[in-house]
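Peer 1: Numbering (the working numbering), first residue to last: 151 to 251. Cβ atoms here follow ideal geometry from the backbone N, Cα and C, with glycine treated the same way.
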Amino acid sequence: MSSFDTTSVSVQGEYDLYDTEKHDHPFKITYGHSKNYRPDLKKFVISLLCVDRTVPISGRTEDGNGSDKTINNTILSNISRYMANQGLEPGTFIYIADSEW
């Protein structure tokens, strides 16, 4: 059994050291949809894939305006490709999703 989820982390303050014009960064701290009803705060997103209930096997920090739909599509495509490379047939696993909307 595996589970995948994303969560947003709201932050405050200035990020002079985090200037994307001057430096290459793997994610952007920016405004996005605020699940905690704080559109005034910038944020970033953390995604985590676990197996056997709590063993993390993949985690990433995503842009603050990253879409769950896009993030889910990317991780599912990567998992499907990996499983196919290991000789597992399509339909070997089932993805179950939930939504707050």
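List the whole-angstrom C-beta distance separating residue 195 from residue 179, where the pair is believed to meet the contact cut-off of C-beta under 8 Å.
Peer 2: 10 Å between Cβ atoms; not a contact.
Peer 1: Below 8 Å between beta carbons: does that hold for residue 214 and residue 182?
Peer 2: The answer is yes: Cβ separation under 8 Å.
Peer 1: Just mark residue 212 as buried or exposed, buried being the case when its beta carbon has 16 or more other beta carbons within 10 Å.
Peer 2: Classification for residue 212: buried.
Peer 1: For residue 244, does the three-state DSSP call read helix, strand or coil?
Peer 2: Reduced to three states, the DSSP call for residue 244 is coil.
Peer 1: Tell me, to the nearest whole angstrom, how far the beta carbon of residue 243 is from that of residue 199; I am working on the premise that it is less than 8 Å.
Peer 2: About 12 Å; that fails the 8 Å criterion.
Peer 1: Looking at the secondary structure, which residues open and close the alpha helix (DSSP H) in which residue 210 lies?
Peer 2: Unbroken run through residue 210 is the beta strand (DSSP E), 205 to 212; no alpha helix (DSSP H).
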